[in-house]
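Enquirer: Sharing a structure with you now.
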Amino acid sequence: MMTGRLLWLAGVAAGAALCADPAVVARGQKEEARSCIPCHSLRLIHSQRLSKAAWNKELDKMAGWGTVITDRDALLEYLVANFGDDKAPPPPAMSQDGVKK
Amino acid sequence: MTAAALMTAGAARLARAADDSTAIPGKRPMILHNDRPEDLETPVRYFDSWLTPVDAFFVRQHIPRPATIDPAAYRLTVNGMVSKPLQLTLADLQKLPQATVPATIECTGNGRGFYTPKVPGIQWGRGAIGNAEWSGPRIADILRAAGASSSAAFLETDGADVGVASTPDFVRSLPMKKAMHPATILALKMNGQPIPDIHGFPARLIVPGWDGTSSVKWVIRLSAAAEANKGFFMNPGYRYPKYALPPGTPARPAELEVIEGMPVKSSITAPEDQSKLALGAITVRGFAWAGEQAIERVEVSTDGGSRWHDAQLSSPKLPFAWRLWHLDWRPSDPGYYTILSRATDSSGRVQPIVAVWNPSGYLWNAIDRVGVTVEKA
Numbered sequence: 673m674m675t676g677r678l679l680w681l682a683g684v685a686a687g688a689a690l691c692a693d694p695a696v697v698a699r700g701q702k703e704e705a706r707s708c709i710p711c712h713s714l715r716l717i718h719s720q721r722l723s724k725a726a727w728n729k730e731l732d733k734m735a736g737w738g739t740v741i742t743d744r745d746a747l748l749e750y751l752v753a754n755f756g757d758d759k760a761p762p763p764p765a766m767s768q769d770g771v772k773k
Numbered sequence: 021m022t023a024a025a026l027m028t029a030g031a032a033r034l035a036r037a038a039d040d041s042t043a044i045p046g047k048r049p050m051i052l053h054n055d056r057p058e059d060l061e062t063p064v065r066y067f068d069s070w071l072t073p074v075d076a077f078f079v080r081q082h083i084p085r086p087a088t089i090d091p092a093a094y095r096l097t098v099n100g101m102v103s104k105p106l107q108l109t110l111a112d113l114q115k116l117p118q119a120t121v122p123a124t125i126e127c128t129g130n131g132r133g134f135y136t137p138k139v140p141g142i143q144w145g146r147g148a149i150g151n152a153e154w155s156g157p158r159i160a161d162i163l164r165a166a167g168a169s170s171s172a173a174f175l176e177t178d179g180a181d182v183g184v185a186s187t188p189d190f191v192r193s194l195p196m197k198k199a200m201h202p203a204t205i206l207a208l209k210m211n212g213q214p215i216p217d218i219h220g221f222p223a224r225l226i227v228p229g230w231d232g233t234s235s236v237k238w239v240i241r242l243s244a245a246a247e248a249n250k251g252f253f254m255n256p257g258y259r260y261p262k263y264a265l266p267p268g269t270p271a272r273p274a275e276l277e278v279i280e281g282m283p284v285k286s287s288i289t290a291p292e293d294q295s296k297l298a299l300g301a302i303t304v305r306g307f308a309w310a311g312e313q314a315i316e317r318v319e320v321s322t323d324g325g326s327r328w329h330d331a332q333l334s335s336p337k338l339p340f341a342w343r344l345w346h347l348d349w350r351p352s353d354p355g356y357y358t359i360l361s362r363a364t365d366s367s368g369r370v371q372p373i374v375a376v377w378n379p380s381g382y383l384w385n386a387i388d389r390v391g392v393t394v395e396k397a
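What follows is the structure, given as structure tokens:
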């Protein structure tokens with residue numbers, strides 16, 4: 673456990689700001705489940721790749737439309753860590769056949 | 021009420037479970053950008069007919085669709101600057117002269133995923149577009165029946181959908197000149213059938229040649245007005261920079277304009293990008309449309325743009341509706357080929373090499389491009 677902690681600290685030192693705190697990112701994911709799911713599916717978020725500034729603006733937009741985001745910094749960290757504009761776009765998802773035969 | 025207060029934890033869990041259930045009733049397998057509400061893109065392989073079948077037609081919902089409207093209880097309110105406000109039933113609308121208009125509907129953001137740098141919004145590829153035959157009464161006839169004032173400059177249209185939490189209502193305004201055009205209709209049918217719920221049952225505005233967002237679904241109110249609606253979906257939503265911006269820079273709000281007619285555009289639907297093909301006869305296919313203009317010409321290059329060949333175009337040549345095109349190609353050697361398509365319309369507009377980057381990622385219409393590997397048979 674100590675080793676893991678030391679490795680994590682080494683990672684922070686090496687990656688500087690590029691390496692997000694996993695605990696904060698995990699909190700951000702919880703905040704996503706709490707504040708985003710009531711209005712839309714998460715695909716809408718997970719299919720995008722945006723800069724931190726652009727994600728920040730999206731959070732402002734959603735807050736303006738009535739979403740109460742309590743752990744905003746963590747949510748932003750989570751979005752940047754997983755869906756930042758340095759990440760490759762995801763392969764397209766397909767729906768299943770909904771045509772009744 | 022806040023969004024957070026809208027759902028209990030249990031309801032949120034149910035909603036998440038719904039996200040994993042990905043069959044959309046009435047639709048073939050579609051590219052799934054969002055399933056709640058539905059944002060579905062048509063895979064290019066379905067684009068093999070002039071009329072796009074309803075079960076393959078793309079879907080763009082801004083906010084959750086309304087509960088299914090009971091056709092017997094349905095009323096269309098016609099009000100505002102009119103001498104005779106009306107409450108029309110579906111039967112009243114069916115009694116008016118019915119016009120049939122073949123029209124391509126394209127999401128304003130179709131192709132957004134191709135822009136660099138990336139912009140927020142659904143990352144549509146080629147398939148937020150479809151061509152259908154729409155039928156219903158002309159807006160002009162409805163407005164005449166209500167005695168619309170000749171000084172009304174705009175038609176405001178509201179659908180039955182309402183925003184979640186404080187998400188704005190979806191309301192759009194149309195200049196009266198376009199609203200009174202004989203091809204602008206309140207469609208009751210799509211490809212000869214009642215419009216399905218997901219596409220706006222029982223009545224959908226069809227604004228041929230304009231961006232898809234103009235064609236409001238589940239229409240419950242038409243108002244003649246002196247001014248355009250000032251809600252989010254008119255401003256800043258669905259506006260485009262008057263003057264082109266350096267890519268990646270923010271919009272200048274005072275210089276944004278409402279989007280009207282769509283640009284000239286062609287897309288390649290076969291072969292698919294990065295596919296492998298056997299050396300031999302290959303058909304390059306696609307569609308092309310030009311908003312309020314008709315398609316005059318589509319050229320195809322199979323060598324990255326050194327030489328261009330005229331593609332065969334389908335009939336009819338109409339404003340508002342796309343034309344399908346194809347080119348028979350027989351490469352003499354195996355290898356990797358870059359195929360391009362370029363459309364020209366009846367007003368002389370030519371599809372550009374570079375699309376104009378804009379902060380909302382609207383109106384992508386660059387020359388289309390796919391890469392294919394041809395292998396020895």
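Top to bottom, those sequences are chains S and D. The numbering of the first sequence is this note's numbering, which starts it at 673 and goes up by one. The numbering of the second sequence is this note's numbering, which starts it at 21 and goes up by one. Every residue, glycine too, gets a C-beta built ideally from N, C-alpha and C.
So which of Lys396/D, Trp377/D and Arg146/D has the shortest CA-CA distance to Pro137/D?
Expert: As a first step, residue 137/D must be located in the second sequence, where it is residue number 117. Pro137/D has its Cα closest to that of Trp377/D, out of Lys396/D, Trp377/D and Arg146/D.
Enquirer: Quick one: what does DSSP say His346/D is sitting in, helix, strand or coil?
Expert: Mapped onto the second sequence, residue 346/D falls at position 326. Of the three classes helix, strand and coil, the one that applies to His346/D here is strand, per DSSP.
Enquirer: Could you check the C-alpha separation between Leu60/D and Ile142/D for me, to the nearest Å?
Expert: By one-based count along the second sequence, residue 60/D stands at place 40. By one-based count along the second sequence, residue 142/D stands at place 122. Between Leu60/D and Ile142/D, the C-alpha separation is close to 10 angstroms.
Enquirer: Anything in chain S within Cβ reach of Ser186/D, meaning under 7 angstroms, just list it in chain order.
Expert: Taking the first residue of the second sequence as position 1, residue 186/D is located at position 166. Within 7 angstroms Cβ-Cβ: Trp737 and Gly738.
Enquirer: Please go through the same chain and pick out, in chain order, the residues whose beta-carbon is closer than 7 angstroms to the beta-carbon of Glu275/D, but skip the five residues on each side of it.
Expert: For the purposes of this step, residue 275/D is taken as the residue at position 255 of the second sequence. The answer, listed in chain order, is Pro261, Lys262 and Tyr263.
Enquirer: Closer than 8 angstroms between beta carbons: that is the criterion. Which residues of the region 740–773 of chain S meet it against chain D?
Expert: Those would be Val740, Asp757, Pro761, Pro764, Ala765, Met766, Ser767, Gln768, Asp769, Gly770, Val771 and Lys772, in chain order.
Enquirer: When the Cα of Glu316/D is compared with those of Asp323/D, Gly324/D, Val392/D and Gln332/D, which residue comes out closest?
Expert: As a position in the second sequence, residue 316/D is number 296, starting the count at 1. Answer by Cα proximity: Gln332/D.
Enquirer: Which term fits Ile302/D, buried or exposed, when burial requires 16 or more other beta carbons within 10 angstroms of its beta carbon?
Expert: By 1-based counting over the second sequence, the position of residue 302/D is 282. Per the 10 Å Cβ criterion, buried.
Enquirer: May I have the straight-line CA-CA distance separating Ile279/D from Ala698/S, to the nearest angstrom?
Expert: To locate residue 279/D, count along the second sequence from 1; it is residue 259. To locate residue 698/S, count along the first sequence from 1; it is residue 26. Taking the straight line joining both Cα atoms gives about 41 angstroms.
Enquirer: Restricting to runs no shorter than 3 residues, where is the beta strand (DSSP E) found entirely within the region 183–225 of chain D?
Expert: Qualifying beta strand (DSSP E) stretches, in chain order: 191–195 and 205–207.
Enquirer: May I ask you to list the residues that DSSP assigns as paired with Arg259/D?
Expert: Against the second sequence, residue 259/D aligns to sequence position 239. Arg259/D pairs with Val278/D.
Enquirer: Could you compute how far the alpha carbon of Ala363/D sits from the alpha carbon of Pro291/D?
Expert: Numbered from its first residue, the second sequence carries residue 363/D at position 343. Numbered from its first residue, the second sequence carries residue 291/D at position 271. If you take the alpha carbons of Ala363/D and Pro291/D, they lie about 18 angstroms apart.
Enquirer: Could you check how far apart the C-beta atoms of Gln213/D and Val284/D are, in whole angstroms? I think they sit under 8 angstroms.
Expert: On the second sequence, residue 213/D is found 193 positions in, with the first residue counted as 1. On the second sequence, residue 284/D is found 264 positions in, with the first residue counted as 1. Not quite, the Cβ-Cβ distance comes to about 30 angstroms (not below 8 angstroms), so this is no contact.
Enquirer: Whose C-alpha, out of Asp55/D, Glu58/D, Tyr66/D and Arg48/D, is nearest the C-alpha of Ile288/D?
Expert: The sequence position of residue 288/D within the second sequence is 268, counting from 1. Looking at the Cα atoms, Tyr66/D is the closest of the given residues.
Enquirer: Going by DSSP in three states, Gly700/S sits in which element: helix, strand or coil?
Expert: Locating residue 700/S in the first sequence gives position 28, counting from the first residue. Here Gly700/S sits in helix by DSSP.
Enquirer: Name the DSSP bridge partner or partners of Lys772/S?
Expert: Reading the first sequence from its first residue, position 100 is the one you call residue 772/S. Per DSSP, none; premise fails for Lys772/S.
Enquirer: Any Cβ of chain D within less than 9 angstroms of the Cβ of Cys711/S?
Expert: Taking the first sequence and counting its residues from 1, one reaches residue 711/S at position 39. Cβ-Cβ to chain D under 9 angstroms: yes for Cys711/S.
Enquirer: Going along chain S in order, which residues have a C-beta closer than 9 angstroms to the C-beta of His53/D?
Expert: Walking along the second sequence from the start, residue 53/D turns up at place 33. What His53/D touches in chain S: Arg715, Leu716, Ser719, Pro764 and Ala765.
Enquirer: Quick one, which of Asp178/D, Thr97/D and Lys198/D has its alpha-carbon nearest Val408/D's?
Expert: The question about residue 408/D has no answer here: the residues shown for chain D are numbered 21 through 397.
Enquirer: Distance check for Phe78/D and Gly147/D, CA to CA, integer angstroms please.
Expert: Stepping through the second sequence from its first residue, residue 147/D is reached at position 127. Stepping through the second sequence from its first residue, residue 78/D is reached at position 58. The straight-line gap from Cα to Cα measures roughly 7 angstroms.
Enquirer: Can you list, in chain order, the residues of its chain with a C-beta nearer than 7 angstroms to that of Leu52/D? Leave out the 5 residues immediately preceding and following it.
Expert: In the second sequence, the residue the question calls residue 52/D occupies position 32. Thr42 and Leu60, listed in sequence order.
Enquirer: May I ask you to list, following chain order, the residues of the region 259–283 of chain D that have a beta carbon less than 7 angstroms from some beta carbon of chain S?
Expert: Cβ contacts with chain S come from no residue of the region 259–283 of chain D.
Enquirer: Using only the alpha-carbon positions, how far apart do Asn211/D and Asp189/D sit?
Expert: Looking up residue 211/D in the second sequence gives position 191. Looking up residue 189/D in the second sequence gives position 169. Taking the straight line from one Cα to the other gives about 28 angstroms.
Enquirer: In its own chain, which residues sit with a C-beta less than 6 angstroms from the C-beta of Asp217/D, not counting the 5 before and 5 after it?
Expert: Indexing the second sequence from 1 puts residue 217/D at position 197. Result list for Asp217/D: Thr88, in chain order.
Enquirer: List the residues of chain S whose Cβ lies closer than 8 angstroms to the Cβ of Pro57/D, in chain order.
Expert: As a first step, residue 57/D must be located in the second sequence, where it is residue number 37. The answer, in chain order, is His712.
Enquirer: Using a Cβ cut-off of 9 angstroms, which residues of the region 125–144 of chain D contact any Cβ in chain S, in chain order?
Expert: Per Cβ criterion, the list reads Gly133, Pro137, Lys138, Val139, Pro140, Gly141, Ile142 and Gln143.
Enquirer: Decide yes or no for the touch test of the region 93–113 of chain D against the region 227–246 of chain D: beta carbon pairs closer than 8 angstroms, at least 3 of them.
Expert: Judged by Cβ distances under 8 angstroms, the region 93–113 of chain D makes contact with the region 227–246 of chain D, as three or more pairs qualify.
Enquirer: Just to confirm the assignment, what range does the beta strand (DSSP E) spanning His53/D have?
Expert: Residue numbering aside, residue 53/D sits at position 33 when the second sequence is read from its first letter. His53/D -> beta strand (DSSP E) spans Ile51 to Asp55.
Enquirer: What first and last residue would you give for the beta strand (DSSP E) that runs through Gly100/D?
Expert: One-based indexing of the second sequence puts residue 100/D at position 80. Taken as a continuous stretch (DSSP letters only), the beta strand (DSSP E) holding Gly100/D covers Leu96 to Gly100.
Enquirer: Does chain D have any CB closer than 9 angstroms to the CB of Leu722/S?
Expert: Along the first sequence, read from residue 1 onward, the residue named residue 722/S stands at position 50. Taking Cβ atoms only, chain D reaches closer than 9 angstroms to Leu722/S, which makes this a yes.
Enquirer: To which residues of the same chain is Val771/S closer than 8 angstroms at the C-beta, ignoring the five residues directly before and after it?
Expert: One-based indexing of the first sequence puts residue 771/S at position 99. If we look at Val771/S and ignore the five residues flanking it on each side, it has no Cβ neighbours.
Enquirer: CB-CB under 8 angstroms to Cys708/S, same chain, minus the five flanking residues each way: which ones, in chain order?
Expert: For the purposes of this step, residue 708/S is taken as the residue at position 36 of the first sequence. Cβ neighbours of Cys708/S beyond the five flanking positions: Leu714, Ile717, Met734 and Thr739.
Enquirer: So is Lys729/S in contact with chain D if we call contact Cβ pairs under 9 angstroms?
Expert: For the purposes of this step, residue 729/S is taken as the residue at position 57 of the first sequence. Closer than 9 angstroms to some Cβ of chain D, the Cβ of Lys729/S qualifies, so yes.
Enquirer: Applying a beta-carbon distance threshold of less than 7 angstroms, which residues of chain D neighbour Ala726/S?
Expert: As a first step, residue 726/S must be located in the first sequence, where it is residue number 54. Going along chain D in sequence order, the residues near Ala726/S (Cβ under 7 angstroms) are Pro140.
Enquirer: So, with DSSP's three-state summary, where would you put Gly756/S?
Expert: For the purposes of this step, residue 756/S is taken as the residue at position 84 of the first sequence. Strand.
Enquirer: Cβ closer than 8 angstroms: which chain S residues qualify as neighbours of Leu71/D?
Expert: Position 51 of the second sequence, counting from 1, holds the residue named residue 71/D. Within chain S, no residue comes near Leu71/D; the closest Cβ sits about 17 angstroms away, beyond 8 angstroms.
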